[in-house]
Amino acid sequence: MRALDKVVAVLSDAQNAAYGFLLTRNQRYLHDFEGTEARALSALDQSSELTSDNPLQQSRLKQLRPVVRSKFASLERILKAHPSVDPRLVNLLTESYDREDMERVRTVIAQLKSEEERLLADRLQTLTSAREALTSRLMLCGFLALTGFIISSLIVRYLLKRQEYEQQLQQVVFAVSQALVSGRERSEAIEETLAVIGRELSWDVVQFWSKDDDGSKLTCEFSWSGAHNVNATSFGAKLRGLSFEKSSVIAGQACEKMSVVSVKDITVVTESAISSVASSHNIHGIIAIPINDADNCIGVIELFRTAPLRDFDLMLMRCLSSVGAQLGQFLSRTEIAKRLSASERKFKAIFDHTFEFIGLLTPDGTLIEANQTALSFIDKKREDVIGLPFWDTPWWSHSALQQEQLKLAIQAASAGDLVRFESEHPAPDGMMLAVDFSLKPIKNDDGDVILLIPEGRDISEKKEAEKRVSEFYSTVSHELRTPLTSIRGAFGLLEGGKAGDLSEKAKRLVSMGRAESDRLVRLINDILDIRKIEAGKLDLKLEILCPSDLIESTLDNLRTFASEAHVSLRCEIIDGTKVLGDRDRLVQVLTNLVSNAVKFSPSDSEVLIRANRKENVYRIEVLDHGAGIGEEDLKRLFQMFQQIDSSDSRQKGGTGLGLAISRAIVEQHLGRIGVDSQVGKGSTFWFELPLSAVSPTDMQPAKGDVSISSGVKHGTVLLVEDDANIADVISMNLSNHGFDIQHVDSLGAAEKSLSGKAFDGVILDINLPDGKGTDFIDKLHTSSSTHIPIVVVSAQEQNKFSSPLLIDWISKPFEEKRLLSAVEVAVRKRPAGPARVLVAEDDDATREIIKQHVLSLGAGIQCFEASDGQKAIELTREHEPDLIILDLGLPNTNGFEVVTVLRHEKAARTPLLVYTAQDLSPDERKKLTLGLTTHFTKSKTSEQEFIKCLVDTLNGLVSGEQKTKH
């Protein structure tokens, strides 16, 4: 409205300024006139903005704007067009014009103001109504706020009390946990727990009920009651120590359900065994909390109150359940600790009083525990040795070598390996004790070694017993084999006509005697083999073999035996694959199986030997048509001293050891042995051997017996044997094959003979009156003048003895063919022909020098050259040299590898001269051995020594002139 009034005022000011100018011609009025139109229009714009929400007012303002513009336009025309108009005419015109325009302006403005006044009145009414409504709402909000404040106060008060109650319960749980600290006695912990519950939660009586051994009854073991309540105290005292069937008390229900049970008033529960007692002592409310250990209830806490229980209190139940769980864990830990303590005492007693040494080590070898037996052995206390490196303790300080051995063993055990070895330790009386010592690693769940358990067992008595048993077997072996050798040899000579022609009756008797001596030899060999199996000393001499050769040679030896039993032998060999095995042992297995098949086959039947390759094994089967073997008997067939029918076995002959020995031999070859049989249909005994890793194209026939040729040269052999009968048998056999035999009966005589005469070889017994034959061999090897090949013929086993001079070790009684073969190899006797020498050396100059030395030994000597190891192997297989001269540093395949390959081939007995720049250890020399073997270091060997060794090694293949010349 002010804006509209301003429009009228501005129009009046403009009109007055225009009249003043027209009447006075004073420029000041023009100045006042200027800008009035703009102010008027501005006031209209302001009014338009203020009434923008009212379409009617906007319409009226639109009508007013042109009127105002017209008014100002008229005033301007008058001022410009009539500068000298008569003032009276001006007054007349302007008054008329002013009345029309101003009337229109005032009419519109009056309408505008009237509408604005009406709108203002409406707005005032609306505002008044809104104010009254707001006042009502404010009053309502105030009421609601007051009500909310009162409710909030009540809620806060409730929550604070609940929080206080919850804290009280938490304090109870905490106090119980404090009462159940580790190490506290069971009774003390339970009583303190009951007191905490009673005091803090205001219960009149709190009791602990425990289960009996069979779990059928509950006994009130502990009871707490408040001192202020006489009835409660009397009630608790009356129940303490009493036992009830679980089903008759509330505590039993809680135990059975393994959950909290509450009763508002026990006096109305007539089926409870304690309801009458509770009623007489004014006890009403009960809560029973089971004490659980995993899935088993081990007891119950029971709370009593003189007033009935109120509504169910979930927070209290949770608190009591937590208390029960804590007590259950405590009782479980206590029971486990009790058992563990008893177990530890028991273990400690066993640990300290066992006769064995037992201890504990950290992975780095620090001793952290040792038993009393071990401490008593060194007369020390625990504190004297605990914390020391195990190898620095008194048990090991006597031997620096054993200390180093122990350090290596601890390293291996710390890596996770079980280590076991034998050691010697000085006893308090000065005697050395043999100890079977082991180190066992203990690992955690991640597989890391966290402890080592050293254990030592005194095996001195066992060692002594084994020594006595070995001596007994050795004595029995020698005392039985020695006369059997003479008997068997004599029968053999008689059969061969060496004592003249025999009558048919005499031949039968001689044949019978020889057969029975052979049977006795087999029995002795079986017993000794069983001894080897039990001692784990059944050693094998492996070589590449052709199974067909084994089968054929075995059948050749058994055909006479089979013919006498009227049983025919037939073989089917389908595949010619090679195997790696011990020839003599596999012949022993095959002989055992075939002879058994013959013995238990009916007359005029056939025994079939079938051999074939199956996948990665070679299978040999022996099929017979005998009575067969029952299922029960099959289970014990390969056990020692087992015979299916003892009476029949005595008729057939046998000890029940053959199959057990056969199984041990086959299993030593990493093979399998078994039998398939049906009663009334016969049996099939079989064994399988793993195929050799050597390819068929690389295989060479195994070294067989050297053929005896009428064209061989004679050789002079020294026979060292203290038994005259055996010496006669050996001398007669070898003499008939062109050998000159000189016999002596002691090592002293042998040494004297060797110093006065040159021999081509030596046949040596081991047990001689003045010493051991093995010591004599070592002595001959150390002297270059007595570097002579040796064949051992003895009743003693070879075990692990070896020497470069040793050609063969033949057990008494011996096969004449085996002895002849070994002697032929020893003295290098073979059909006439030039000596063949292989020189394996990678340096061209050195190889040429060696070649010239070899060729200088005589015309016709053949010398083959190889500059690498693989070529040396190929030339050995192709030419079968009489001597191999070998350097070790060969390319492709070194000297050690060459010897390893040749050991399993026909060249296994070929003489070897190792000529190397290396200084070899005893173990390396042992690995570098074939037949007669000599080891020379290049920088330490003269030309004369080298050539003399060539001549001696090629003994029998070099002319006498050459031998004299060199």
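Mapped onto my numbering, the consecutive letters of the sequence shown carry residue numbers 603 to 1568.
C-beta atoms are modelled at their ideal positions from N, C-alpha and C, and glycine is treated no differently.
State yes or no: is the C-beta of residue i within less than 7 Å of the C-beta of residue j?
{"i": "L1556", "j": "L1485", "result": "yes"}
{"i": "G572", "j": "G1273", "result": "Outside the displayed range of the chain (603 to 1568) lies residue 572, so it cannot be described from this structure."}
{"i": "V710", "j": "L652", "result": "no"}
{"i": "E1469", "j": "D1444", "result": "It is Ser, not Glu, that sits at residue 1469 in the sequence shown. Yes, they are a contact pair."}
{"i": "T869", "j": "S882", "result": "no"}
{"i": "L963", "j": "I988", "result": "no"}
{"i": "I1368", "j": "I1379", "result": "no"}
{"i": "L1534", "j": "V1501", "result": "no"}
Any heavy atom of the ligand NAP closer than 6 Å to the Cβ of residue i?
{"i": "A1424", "result": "Ligands displayed in this structure: none; no statement on the ligand NAP is therefore possible."}
May I ask you to report which of helix, strand or coil DSSP gives residue i?
{"i": "A1213", "result": "strand"}
{"i": "Q617", "result": "helix"}
{"i": "F957", "result": "coil"}
{"i": "C1465", "result": "strand"}
{"i": "A1017", "result": "coil"}
{"i": "D1148", "result": "It should be noted that the sequence gives Cys, not Asp, for residue 1148. The answer is coil: DSSP assigns C1148 none of H, G, I, E or B."}
{"i": "R1511", "result": "helix"}
{"i": "W997", "result": "coil"}
{"i": "V755", "result": "According to the sequence as given, residue 755 is Ser; it is not Val. Of the three classes helix, strand and coil, the one that applies to S755 here is helix, per DSSP."}
{"i": "K1374", "result": "strand"}
{"i": "V1574", "result": "The structure shown has nothing for residue 1574, since the chain only spans 603 to 1568."}
{"i": "P1056", "result": "strand"}
{"i": "D1031", "result": "coil"}
{"i": "Q713", "result": "helix"}
{"i": "D1554", "result": "helix"}
{"i": "G1183", "result": "strand"}
{"i": "V1569", "result": "Examination of residue 1569 is not possible in this model, given that the chain is present from 603 through 1568 alone."}
{"i": "G887", "result": "strand"}
{"i": "S1105", "result": "coil"}
{"i": "F1548", "result": "helix"}
{"i": "P668", "result": "helix"}
{"i": "S1311", "result": "Low per-residue confidence applies at S1311: pLDDT is 33, beneath 50, and the placement is therefore not dependable enough to give any value."}
Just to confirm the assignment, what range does the alpha helix (DSSP H) spanning residue i have?
{"i": "S591", "result": "This structure leaves residue 591 out entirely; the chain is present only between 603 and 1568."}
{"i": "V871", "result": "No alpha helix (DSSP H) holds V871; DSSP gives it neither H nor E."}
{"i": "A1428", "result": "E1418 to A1428"}
{"i": "L632", "result": "Q629 to F635"}
{"i": "F846", "result": "Taken as a continuous stretch (DSSP letters only), F846 belongs to no alpha helix (DSSP H), being part of the beta strand (DSSP E) at S845 to E847."}
{"i": "E823", "result": "First-last for E823: K819 to S827, but that is the beta strand (DSSP E), not the alpha helix (DSSP H)."}
{"i": "R788", "result": "R788 to L803"}
{"i": "V1578", "result": "In the structure as shown, the chain starts at 603 and stops at 1568, and residue 1578 therefore has no counterpart that could be examined."}
Can you tell me where the beta strand (DSSP E) holding residue i begins and where it ends?
{"i": "M1034", "result": "M1034 to K1045"}
{"i": "G812", "result": "Going by the sequence as given, residue 812 is Ser instead of Gly. From DSSP, the beta strand (DSSP E) with S812 extends over V807 to K813."}
{"i": "D1367", "result": "Looking at the DSSP string, D1367 is not in any beta strand (DSSP E), and its letter there is neither H nor E."}
{"i": "S864", "result": "V863 to V865"}
{"i": "G1407", "result": "Gly is not the amino acid found at residue 1407; the sequence shown has Leu there. From DSSP, L1407 is part of no beta strand (DSSP E); its letter is neither H nor E."}
{"i": "E971", "result": "L969 to A972"}
Across which residues does DSSP place residue i in a beta bridge pair?
{"i": "P1292", "result": "V1219"}
{"i": "C899", "result": "N894"}
{"i": "Y1517", "result": "F1538"}
{"i": "S1586", "result": "The requested residue 1586 does not occur in the structure, where the chain is confined to residues 603 to 1568."}
{"i": "Q1472", "result": "In DSSP, Q1472 forms no bridge with anything."}
{"i": "D1342", "result": "T1318"}
{"i": "A1442", "result": "A1468 and L1488"}
{"i": "C921", "result": "Beta-bridge pairing links C921 to no other residue."}
{"i": "D1278", "result": "T1286"}
{"i": "L962", "result": "E971"}
{"i": "L1171", "result": "V1209"}
{"i": "R1022", "result": "S1040"}
{"i": "R907", "result": "G887"}
{"i": "I1412", "result": "V1395"}
Next on the checklist: Taking 8 Å as the cut-off, does the segment 1175-1184 touch the segment 1132-1147 (at least 3 CB pairs, one atom from each stretch)?
Outcome noted: yes
Next on the checklist: Quick test of the definition: if touching needs 3 or more C-beta pairs under 8 Å, does the segment 1533-1542 touch the segment 1415-1426?
Outcome noted: no
Checklist entry - Should the segment 1330-1344 be called in touch with the segment 1091-1107, which here means at least 3 C-beta pairs below 8 Å? => result yes
Item to check | Given 8 Å, three or more beta-carbon pairs between the segment 1155-1162 and the segment 1187-1199 | outcome: yes
Checklist entry - Taking one C-beta from the segment 806-815 and one from the segment 778-791 each time, how about it: are there three or more such pairs within less than 8 Å? => result no
Next on the checklist: Using 8 Å as the cut-off, can you tell me whether the segment 905-924 makes contact with the segment 793-807, which would need three or more C-beta pairs spanning the two stretches below that distance?
Outcome noted: yes
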